[in-house]
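S.K.:
Number of protein chains: 2
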Amino acid sequence: MTISKTGSLHLEDLHVGQRFTSATHTLDAEQIKAFARQFDPQPFHLDEQAAANTFFGGLAASGWHVAAITMKLLVSEKPAIAGGVIGAGGEIAWPRPTRPDDVLRVESEVIEIKPSRSRPERGMVTLRSETLNQRDELVQVLTAKLVVPRRAGSPQD
Amino acid sequence: MTISKTGSLHLEDLHVGQRFTSATHTLDAEQIKAFARQFDPQPFHLDEQAAANTFFGGLAASGWHVAAITMKLLVSEKPAIAGGVIGAGGEIAWPRPTRPDDVLRVESEVIEIKPSRSRPERGMVTLRSETLNQRDELVQVLTAKLVVPRRAGSPQD
């Protein structure tokens with residue numbers, strides 16, 4: 101992999117099929133409840149007892165909490181994408197619940213690279229990021245479109 | 101709109117084209133930075149000065165923060181969906197940045213309703229939720245698939 105002199109990845113450094121693995125994040129019940137109190141205050145994210153009789157059958161993390169942890173793991177990967185991890189949007193799915201004490205990691209693969217026609221200094225990269233737990237079970241799939249600068253003529257040079 | 105005796109919305113209470121408007125949430129720089137420190141520690145979410153020379157040209161909220169605030173606004177709507185707002189996944193896009201002091205609200209519309217064949221007690225509802233700022237500018241579009249229980253024979257009865 102070619103790395104620029106600043107040690108970050110530009111569009112030219114990426115290729116379809118390229119894979120990245122993140123560090124891990126260990127969840128616990130208190131993190132699940134703290135996120136839920138602020139952003140998703142529903143019984144199945146707030147309280148073990150109340151969660152038992154819901155769709156989830158027990159305490160589960162908000163999907164948006166899993167998405168936020170996934171982002172934390174993505175932005176801490178090295179080498180980093182030049183200019184940062186900037187997403188225009190994408191598709192997200194949560195095939196199964198995330199539970200207290202799950203240890204999450206993110207495995208990503210470059211799916212598509214499209215240089216921009218109107219903006220020669222950058223392009224759009226489609227990155228599929230699977231968030232897995234310690235049993236290698238898929239808890240989230242995020243297919244995101246990222247804005248990535250080109251090295252030649254980019255402001256980051 | 102028909103409301104069940106518990107005051108919550110079941111699959112039978114929803115129809116395509118039905119619209120909902122949330123309360124508002126007022127953002128500020130400190131909220132943006134606090135979320136970023138925990139989940140998306142990139143310069144354009146952490147520091148006004150550092151943000152000035154980035155893609156965003158100034159401090160902007162993490163897209164996942166906007167998603168989390170959108171969820172908070174969705175779950176606080178009344179009448180609530182029976183069993184809670186339970187998303188299996190969806191599509192998300194951030195057409196423009198969210199800034200300090202933006203006042204966000206969510207306007208949602210039911211796009212599709214599909215009773216489940218394998219699970220007669222529930223169905224899947226596609227909800228398109230637009231998150232708008234105080235200038236009625238679109239900052240996020242979320243098209244989410246929600247699990248919604250039927251009133252007849254549902255465990256919520």
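The listed protein sequences derive, respectively, from chains A and B.
First residue of the first sequence? That's 101 in this note's numbering, and the numbers climb one at a time after it.
First residue of the second sequence? That's 101 in this note's numbering, and the numbers climb one at a time after it.
All C-beta atoms, glycine included, are put in the ideal place defined by N, C-alpha and C.
With contact counted as at least three CB pairs below 8 angstroms, one residue from each stretch, are the segment 154–173 of chain B and the segment 152–170 of chain A in contact?
M.R.: Segments in contact, yes.
S.K.: Starting from the C-beta of proline 215 of chain A, find all residues in its chain whose C-beta is less than 6 angstroms away, skip the five residues before and the five after it, and write them out in chain order.
M.R.: Cβ neighbours of proline 215 of chain A beyond the five flanking positions: Gly223.
S.K.: Using a 10 Å radius around the Cβ and a threshold of 16 neighbouring Cβ atoms, would you call arginine 137 of chain A buried or exposed?
M.R.: Result: exposed.
S.K.: Output the distance between the C-alpha atoms of lysine 133 of chain B and aspartate 201 of chain B, rounded to the nearest integer angstrom.
M.R.: The straight-line gap from Cα to Cα measures roughly 13 angstroms.
S.K.: Identify the continuous alpha helix (DSSP H) that holds valine 175 of chain A and give its terminal residues.
M.R.: First-last of the alpha helix (DSSP H) with valine 175 of chain A: 163–175.
S.K.: With a threshold of 8 angstroms, are at least 3 pairs of Cβ atoms found where one atom belongs to the segment 187–204 of chain A and the other to the segment 190–198 of chain B?
M.R.: The segment 187–204 of chain A is in contact with the segment 190–198 of chain B.
S.K.: Taking 7 angstroms as the limit between beta carbons, can you name the residues of its chain near methionine 101 of chain A, skipping five residues before and five after?
M.R.: Low local confidence applies: a pLDDT of 47 at methionine 101 of chain A is under 50, so the model's placement there is unreliable, with the coordinate-based value given in what follows. If we look at methionine 101 of chain A and ignore the five residues flanking it on each side, its Cβ neighbours are Asp113.
S.K.: Would you mind telling me which residues of chain B sit closer than 8 angstroms to lysine 172 of chain A, beta carbon to beta carbon, in chain order?
M.R.: Residues of chain B passing the Cβ test: Gln138, Phe139, Asp140 and Pro141.
S.K.: Span of the beta strand (DSSP E) holding lysine 214 of chain B?
M.R.: First-last of the beta strand (DSSP E) with lysine 214 of chain B: 203–215.
S.K.: Contact defined as beta carbons within less than 8 angstroms: I believe phenylalanine 142 of chain A pairs with valine 175 of chain B. What is the distance between those atoms, to the nearest angstrom?
M.R.: Checking the displayed sequence, the identity of residue 142 of chain A turns out to be glutamine instead of phenylalanine. Correct: roughly 6 angstroms between the Cβ atoms.
S.K.: Could you check if glutamine 240 of chain B is buried or exposed, using at least 16 other CB atoms within 10 Å of its CB as the buried criterion?
M.R.: The residue is buried, with at least 16 neighbouring Cβ atoms inside 10 Å.
S.K.: List the endpoints of the continuous beta strand (DSSP E) containing arginine 228 of chain B.
M.R.: Residues 222–232.
S.K.: Taking CB distances under 8 angstroms as the criterion, tell me whether glutamate 221 of chain B reaches chain A.
M.R.: False, the Cβ-Cβ gap to chain A never drops below 8 angstroms.
S.K.: How would you label valine 116 of chain B, buried or exposed, when you count the other beta carbons within 10 angstroms and need 16 or more for buried?
M.R.: It is exposed - the Cβ of valine 116 of chain B has fewer than 16 other Cβ atoms within 10 Å.
S.K.: Would a C-beta distance cut-off of 8 angstroms place alanine 160 of chain B and leucine 109 of chain B closer than the cut-off?
M.R.: The answer is no: Cβ separation not under 8 angstroms.
S.K.: Beta-carbon of glycine 163 of chain B versus every beta-carbon of chain A: anything under 8 angstroms?
M.R.: Yes, contact with chain A.
S.K.: Assign valine 203 of chain B to one of two classes, buried (16 or more other C-beta atoms within 10 Å of its C-beta) or exposed (fewer than that).
M.R.: Under this definition valine 203 of chain B is an exposed residue.
S.K.: Determine, using beta carbons only, whether glycine 157 of chain A comes closer than 8 angstroms to chain B.
M.R.: It does not: the Cβ of glycine 157 of chain A has no partner Cβ on chain B nearer than 8 angstroms.
S.K.: Assuming leucine 127 of chain B and threonine 198 of chain B form a contact by the criterion Cβ under 8 angstroms, report the distance between their Cβ atoms to the nearest whole angstrom.
M.R.: Rounded, the Cβ-Cβ distance is 7 angstroms, consistent with contact.
S.K.: To the nearest angstrom, how far is the alpha carbon of arginine 217 of chain B from that of valine 247 of chain B?
M.R.: The straight-line gap from Cα to Cα measures roughly 13 angstroms.
S.K.: Who are the neighbours of threonine 154 of chain B on chain A, taking C-beta pairs under 8 angstroms?
M.R.: Neighbours of threonine 154 of chain B on chain A, chain order: Gly183 and Gly184.
S.K.: Glycine 187 of chain A versus chain B: which residues are under 8 angstroms apart at the beta carbon?
M.R.: By Cβ distance, chain B contributes Gly163 and Trp194.
S.K.: By a C-beta neighbour count over all protein chains shown, 10 Å radius and 16 as the cutoff for buried, is asparagine 233 of chain A buried or exposed?
M.R.: With 16 or more other Cβ atoms within 10 Å, it is buried.
S.K.: Applying the 10 Å Cβ sphere with the 16-neighbour rule, what's the burial state of threonine 154 of chain A?
M.R.: Flag for threonine 154 of chain A reads buried.
S.K.: Can you check which of these residues, B/Thr231, B/Val210 and B/Arg219, is closest to lysine 245 of chain B by C-alpha distance?
M.R.: Checked all of B/Thr231, B/Val210 and B/Arg219; the closest Cα to lysine 245 of chain B is B/Val210.
S.K.: Looking only at its chain, what residues have a beta carbon closer than 6 angstroms to the beta carbon of glutamate 212 of chain B, apart from the 5 residues adjacent to it on each side?
M.R.: Within the same chain, glutamate 212 of chain B has close Cβ partners Thr226.
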